[in-house]
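Which chain is which? The protein sequence lines are A and B, in order.
For the record, in the first sequence the residue sitting at position 125 is 125 according to this note's numbering, with numbers rising by one throughout.
Add 464 to a position in the second sequence, counting from 1, and you land on the number used in this note's numbering.
The beta-carbon is built from N, C-alpha and C at its ideal position, and this holds for glycine as well.
See structure below.
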Amino acid sequence: MSANLSAIFYLISGILFILALRGLSSPETSRQGNFFGILGMTIAITVTFLSIGSFSSGLTYVLIFLLIGGLIGTFIAYKIPMTAMPELVAGFHSLVGLSAVLVAVSAFLNPEAFNLGSPRSIKLASLIEMSIGAAVGAITFSGSIIAFLKLQGIMSGSPITFRGQHLLNALLLISIVALTYLLCSTQSPNFFWTLLIVSFLIGFLLIIPIGGADMPVVISMLNSYSGWAAAGIGFTLENSALIITGALVGSSGAILSYIMCKGMNRSFFNVILGGFGASEQSSSSGDKEHRPVKSGNAEDAAFLMKNASSVIIVPGYGMAVAQAQHALREMVDTLKKNDIKVTYAIHPVAGRMPGHMNVLLAEANVPYDEVFELEEINNDFANADVAFVIGANDVTNPAAKSDPQSPIYGMPVLDVEKCKSVLFVKRSLSPGYAGIDNDLFYKENTLMLFADAKKMTEEITKNL
Amino acid sequence: MEIDPFIFRLSIFILSIFIGYYVVWSVTPSLHTPLMSVTNAISSVIIVGAIIAGLAGNSDNDFTTSNILGFLAISLAAVNIFGGFLVTQRMLQMYKKKKKDK
C-alpha cells in the first residue's frame with residue numbers, strides 16, 4: 001500500500017476516534033461511539049500490516065503476541081468488578097506508558113526501520129521527539145504503577161513526603177532537559193538510557209506525595225500524560241493517527257484534571273505538590289469528639305424515610321468500599337413502591353476517579369435520569385425531606401461554606417444540611433480523607449447510623 | 465521556500481488539541497469513567513509503532529532486540545485495546561433510562 005494511501009486511512013481512523021469521544025456526550029449515542037473507536041483501531045492496525053507489505057516469519061510472532069495481549073485484555077475486561085475501575089484505569093495507563101517507552105527504544109536501536117536515519121546519526125528532530133515520547137512514557141509508567149498500588153491498597157494511601165522533595169523533583173526535571181540536549185549533540189546511547197532512568201524516577205517521586213483522596217486528579221493527569229506520550233511517538237513515526245489520538249487523549253485528561261481540581265477548590269499545583277491532610281489529622285481529633293451526636297438504628301431510619309415524600313441519596317467512596325450499590329438500589333425500589341420520590345446527588349470528586357459513582361449506580365441498574373450532578377440538584381435539598389448520605393463525608397461538610405479557617409473552605413459542597421433531616425451512614429465519627437471534622441454530624445436534624453453501609457441499607461429495607 | 469513536513473504534523477497536532485478540548489467538554493459528567501477507559505483504548509493506537517518495530521528488517525528467524533521490544537509492546541498495547549474497548553462496552557451497556565412502566 002502506498003504511503004499516501006495509508007496516510008489517508010490513518011486520518012480516517014483519527015476521525016473515527018474523534019467520533020468515539022463525541023459519542024460520549026449522551027448515554028444514547030455512547031455505544032455507537034465505542035463502535036467507531038473499535039472501527040478506527042481495526043483500520044489503523046490493518047493499514048499498518050498492509051503498508052509493511054513484505055511478510056516475513058516475524059508476522060507469526062506479531063500475531064501471536066497480539067493474540068496473547070488480546071486474550072489477557074478480554075479476560076480482564078469481563079472479570080473486573082466495577083468498584084475496581086480506578087485501579088484498572090491506572091493499570092492500563094501504565095501499559096500505554098511502557099509501550100511508548102518500548103517503541104521509542106526500539107526506534108532508537110533500529111532507526112532505519114522507521115526512516116529516521118541510522119544508529120548514531122538519527123535525525124535531530126526525530127531524536128528530540130523520541131526523547132519526549134520516551135520520557136513522558138516512562139513518567140506515565142512509573143507514576144501509574146504507584147497510583148495503582150495506592151488504589152489497590154498494596155501501598156498506603158497516605159502521602160509520603162520528605163525534606164527536599166520539591167527541590168529533588170525540580171533538579172530531576174532540569175536534568176531531563178539537559179540529558180536531551182546532550183543526547184542530541186553526542187548521539188550517545190548512554191544519555192538515552194540515563195534519560196529513561198531519570199524519567200522513571202520522576203514518575204515515582206511525583207505520585208508518592210499525593211494522598212488517596214486526590215487520586216481522581218492523579219488518574220486524570222496520568223491519562224493526559226499517556227496521551228502526550230503517544231503524540232510524541234506519533235511525531236517520531238510521522239503517523240497522523242497517533243498524533244491526533246495523542247492530542248485528543250492529552251486534552252481529555254487535562255480537562256478532567258481541571259474539573260476534579262475545581263471540584264475540590266484546589267489548584268493543580270497544590271494537588272501535585274501533595275501532602276494534603278497529613279498535618280490536620282492530629283489537631284482535629286481532640287476537643288470536638290465530646291460534642292453530642294444523635295445516633296439511631298435501621299428502624300429509626302426506616303421510619304423517617306417512610307414518612308418522607310422525597311429522598312435524596314448522596315453516595316461516596318464508602319459505598320464503593322462496602323459494595324453497597326445493589327443493596328441501596330433495593331432500598332430505593334421499596335421507597336418508590338411507597339410513592340416516595342428518590343433522586344441521587346453526585347459530587348464531582350465523589351469516589352476515586354471521575355464518574356466513579358455514576359458507573360456503580362448504573363451497574364446496580366439505577367436509571368441515569370435519576371442521577372444528578374451537584375449544580376443540577378443542589379437547590380433541591382431545601383425542599384427534600386430526607387438526605388441519605390452513604391459513604392460520603394467531606395463533600396457534604398458545611399464548613400466549606402462557613403468556616404474560612406477550614407482547609408476545604410471554598411470547595412463546592414452538597415447542601416445536605418438544608419434537608420429536613422439527614423441520615424448519615426458511617427462506620428465511626430472519624431474524619432474524612434481531608435482529615436477534618438464534619439459539622440453535619442452534630443446538627444440537630446442529623447441522625448448518625450453507625451454501621452457498615454451495606455448491612456445498614458439492607459436492614460433499613462427490611463424495616464420499610 | 466518549502467515548508468518542512470514537521471509543520472504540517474504540528475498543525476494536525478494543535479488542531480486536534482482544540483478538537484479534543486471542545487469534544488471533551490461536551491461529554492456528560494456521568495460518562496467520565498467510560499471516557500477515561502475509551503481514551504485509554506484509543507491511545508493504544510501506539511500499537512502501530514510496535515508492529516513496525518516488530519516486523520522491521522528481519523528476513524529469517526534472526527530477531528534483533530528492536531524486534532523483541534516491538535513484540536512486547538504489541539502485547540501490552542493489545543491488552544489495552546481489547547481491555548479498554550470491552551470494559552467501556554460493558555459499562556455503557558449498564559447506562560439505561562427509566563423504564564416506562566414505572
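{"Query": "Nearest neighbour of V342 of chain A, chosen from A:P354, A:G355, A:L328 [CA to CA]", "Result": "A:L328"}
{"Query": "Whole alpha helix (DSSP H) elements within the stretch 309–339 of chain A, 4-residue minimum", "Result": "317–322, 325–337"}
{"Query": "Cβ contact (3+ pairs, closer than 8 angstroms) linking the stretch 164–173 of chain A and the stretch 231–243 of chain A", "Result": "no"}
{"Query": "Chain-order list of residues whose beta-carbon lies under 8 angstroms from that of M448 of chain A (same chain, five-residue window excluded)", "Result": "V293, K294, S295, G296, F424, K426, L429, F441"}
{"Query": "Below-9 angstroms beta-carbon distance, F148 of chain A vs any chain B residue", "Result": "no"}
{"Query": "Amino acids of chain A, ordered along the chain, whose beta-carbon sits closer than 7 angstroms to that of I545 of chain B", "Result": "M41, G73"}
{"Query": "Neighbourhood of T461 of chain A by C-beta, 6 angstroms cutoff - its chain only, sequence neighbours within 5 removed", "Result": "E330, M331, T334"}
{"Query": "Spatial neighbours of I516 of chain B in its chain, beta-carbon cut-off 8 angstroms, leaving aside the 5 residues before and after", "Result": "G534"}
{"Query": "Spatial neighbours of L206 of chain A in its chain, beta-carbon cut-off 8 angstroms, leaving aside the 5 residues before and after", "Result": "I139, G143, N169, I272"}
{"Query": "Contacting positions in the stretch 237–263 of chain A - beta carbon closer than 8 angstroms to chain B", "Result": "L237, E238, N239, S240, A241, L242, I243, I244, T245, G246, A247, L248, V249, G250, S251, S252, G253, I255, L256, I259"}
{"Query": "Cβ-based burial, A229 of chain A [other Cβ within 10 Å; buried from 16]", "Result": "buried"}
{"Query": "DSSP three-state assignment for S224 of chain A, whether helix, strand or coil", "Result": "helix"}
{"Query": "Cα-Cα separation, V96 of chain A to F75 of chain A", "Result": "18 angstroms"}
{"Query": "Distance between F477 of chain B and S285 of chain A (C-alpha atoms, nearest Å)", "Result": "Because S285 of chain A carries a pLDDT of 41, less than 50, the predicted location of this residue cannot be relied on, and the following value inherits that uncertainty. Taking the straight line from one Cα to the other gives about 51 angstroms."}
{"Query": "Where the beta strand (DSSP E) through M82 of chain A begins and ends", "Result": "Note, M82 of chain A: premise wrong, no beta strand (DSSP E); not H, not E."}
{"Query": "Whether S501 of chain B touches L242 of chain A by CB criterion (9 angstroms)", "Result": "no"}
{"Query": "Length of the line joining the Cα atoms of E417 of chain A and V371 of chain A", "Result": "19 angstroms"}
{"Query": "Chain B within 9 angstroms of N397 of chain A, Cβ atoms only", "Result": "no"}
{"Query": "Interface partners of I471 of chain B on chain A, CB under 9 angstroms", "Result": "Result: empty, since nearest Cβ-Cβ is about 11 angstroms, beyond 9 angstroms."}
{"Query": "Chain A within 9 angstroms of M465 of chain B, Cβ atoms only", "Result": "no"}
{"Query": "S100 of chain A burial status per 10 Å Cβ neighbour count (16 or more: buried)", "Result": "In the sequence on display, residue 100 of chain A carries Ala and not Ser. Buried, by the Cβ-count rule."}
{"Query": "N397 of chain A to P407 of chain A span [Cα, whole Å]", "Result": "11 angstroms"}
{"Query": "Min CB distance I210 of chain A to chain B below 9 angstroms", "Result": "no"}
{"Query": "Segment limits, beta strand (DSSP E) that includes T343 of chain A", "Result": "341–346"}
{"Query": "Length of the line joining the Cα atoms of D452 of chain A and V389 of chain A", "Result": "13 angstroms"}
{"Query": "Within chain B, the residues that V349 of chain A reaches when beta carbons sit closer than 7 angstroms", "Result": "The premise fails here: V349 of chain A is roughly 11 angstroms from chain B at the closest Cβ pair, so nothing lies under 7 angstroms."}
{"Query": "Residue-level contact to chain B via CB, I38 of chain A, 9 angstroms cutoff", "Result": "yes"}
{"Query": "Residue of B:Q553, B:K560, B:G548, B:T552 minimising C-alpha distance to H93 of chain A", "Result": "B:G548"}
{"Query": "The stretch 213–227 of chain A contacting the stretch 249–262 of chain A, beta-carbon criterion three pairs below 8 angstroms", "Result": "yes"}
{"Query": "Own chain partners of L182 of chain A with C-beta closer than 6 angstroms, once the 5 adjacent residues on each side are dropped", "Result": "F191"}
{"Query": "Under 9 angstroms by beta carbon: chain B residues contacting A7 of chain A", "Result": "Result: empty, since nearest Cβ-Cβ is about 11 angstroms, beyond 9 angstroms."}
{"Query": "Same chain, Cβ closer than 7 angstroms to V198 of chain A, neighbours up to 5 away in sequence not counted", "Result": "L172, S175, I176, L179"}
{"Query": "Pairwise C-alpha distance: M155 of chain A and F148 of chain A", "Result": "9 angstroms"}
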